[in-house]
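The sequence shown begins at 1 in the numbering used here and counts up by one.
Think of the CB as a built atom: it goes at the ideal place given N, C-alpha and C, for glycine as much as any other residue.
Here's the structure we're looking at; comments come further down.
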Amino acid sequence: MDLSELDLGAAQAAIAAADTVDELADLRKRFLGKKGAVNRAKESIKTLDPAERPKVGQAVNAFTTGVTEALEGREAEIAPPGSAEPPLDLTLGSHGRRRGHLHLVTQCQRELEDVFVSLGYRVAEGPEVEDDWHNFEALNFPVGHPARAMQDTLYVDLGEPEQVMLRTHTSPVQIRLMETQPPPIYSVMPGRTYRNETVDARHSAVFHQIEGLAVDRGLTFGDLAGTLETFTSAYFGKKVTSRLLPSYFPFTEPSAEFAITCVFCDAAGCRVCSYTGWIELGGCGMVDPNVFLAVGIDPEEYTGFAFGFGLERMPMLRYGVEPIKTFFDNDSRFLSRY
Ligand code: FA5
Numbered sequence: 001m002d003l004s005e006l007d008l009g010a011a012q013a014a015i016a017a018a019d020t021v022d023e024l025a026d027l028r029k030r031f032l033g034k035k036g037a038v039n040r041a042k043e044s045i046k047t048l049d050p051a052e053r054p055k056v057g058q059a060v061n062a063f064t065t066g067v068t069e070a071l072e073g074r075e076a077e078i079a080p081p082g083s084a085e086p087p088l089d090l091t092l093g094s095h096g097r098r099r100g101h102l103h104l105v106t107q108c109q110r111e112l113e114d115v116f117v118s119l120g121y122r123v124a125e126g127p128e129v130e131d132d133w134h135n136f137e138a139l140n141f142p143v144g145h146p147a148r149a150m151q152d153t154l155y156v157d158l159g160e161p162e163q164v165m166l167r168t169h170t171s172p173v174q175i176r177l178m179e180t181q182p183p184p185i186y187s188v189m190p191g192r193t194y195r196n197e198t199v200d201a202r203h204s205a206v207f208h209q210i211e212g213l214a215v216d217r218g219l220t221f222g223d224l225a226g227t228l229e230t231f232t233s234a235y236f237g238k239k240v241t242s243r244l245l246p247s248y249f250p251f252t253e254p255s256a257e258f259a260i261t262c263v264f265c266d267a268a269g270c271r272v273c274s275y276t277g278w279i280e281l282g283g284c285g286m287v288d289p290n291v292f293l294a295v296g297i298d299p300e301e302y303t304g305f306a307f308g309f310g311l312e313r314m315p316m317l318r319y320g321v322e323p324i325k326t327f328f329d330n331d332s333r334f335l336s337r338y
């Protein structure tokens, strides 16, 4: 056997000359690896004369010990313990999927529905594409009536000209309800509405309203006022009070504009309420007898009240959101805040 391969001095010199951990790893493989010098020497011992084996065995062991010590010593010099770079952490963090939630306008709609359901009301819905009868005619807006101009209408190119439209308010759902069910009726009707309007801080071409209708024997304007007061304090809190001012809608008589004390200045007067102390929420009034006649309800037997508010206006006031388009921009920073 050629023991020149087990030259400890040469091996130690090669190890001392190594500069990197990789070079040391190569040397370890060359001397101590599976097919390295030490293993090859051990294999060849089997072929030797038994008398020679102890001497060669000792030489192999001395070489192994010397090389191992030299490798460890040099490793400690090149890469002292603790100096290794921290291992790259490839663990995927738990970025927990964010849960979606209802849009602020929908949250407000549900909250108001709950208030009215607790007062004994039902929730009803109607189509967003309406016909002239339900959106105007049955609501006592005859063709050519100037009040039609109060709501700039977006017509749909269907049927006769100007007979099909995107509903301009939720009041047509009142007609649909009264056409299909006899009194007593206590319903709220939330939904999307459309007007061909110039967009500004508080007005949008697409917005939402919530309509209310009560039809029963003996209902009075006092019932309307009390219902509105109950719902505003349920949504805005008890310190907010409401008022009714004379107004005009073809489908209610008398009609009123419904306003609440400004939630920003406690009615002292500020920019938001145009220094009046009041903020308008919507319209209301007692159902006009002509509307009852249009749907076959006897106005001598029944009376009723109705109201309709802009839905966006509620969270706008409660949270100070402005302009109204913020609701429809779908900016996730806004959406995730509420
Ligand atoms: C109506 O739409 C009536 N249908 C309300 C009504 C119902 C009166 C039942 C009587 C009985 P008006 O056009 O004023 O009324 O609209 C009511 C509310 O909807 C407004 O006070 C406002 O809060 C909201 N609103 C109206 N137009 C817009 C718009 N372009 N953008 C956002 N909100 C609007």
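Inclusion of Ile175 and Pro190 in the CB contact set at 8 Å is not warranted, their separation being larger than that value. The C-beta distance from Val164 to Asp131 rounds to 6 Å, short enough to fall under 8 Å. Rounded to the nearest angstrom, the gap between the Cα atoms of Gly296 and Arg148 is 23 Å.
Note on the region 28 to 100: whole alpha helix (DSSP H) runs with a minimum of 4 residues are 37 to 45, 53 to 78, in chain order.
Taking C-beta separations shorter than 8 Å and ignoring five residues to either side along the sequence, the partners of Val21 in its chain run Glu75, Ile78, Ala79, following chain order. Checking the DSSP bridge columns, you'll see Thr261 partnered with Trp278. Not a single heavy atom of the ligand FA5 lies less than 7 Å from the C-beta of Thr303.
If you draw a straight line from the Cα of Val215 to the Cα of Glu229, it is about 19 Å long.
For Asp216, there is no enclosing alpha helix (DSSP H); the enclosing beta strand (DSSP E) covers residues 206 to 216. The count of Cβ pairs closer than 8 Å, one atom from the region 275 to 289 and one from the region 253 to 262, reaches three, so the stretches are in contact. DSSP, reduced to helix, strand and coil, places Asp131 within a strand of the structure shown. At least one heavy atom of the ligand FA5 is found less than 7 Å from the C-beta of Thr252. For Ala294, the CB contacts under 6 Å within the same chain, skipping 5 residues up- and downstream, are Ala138 in chain order.
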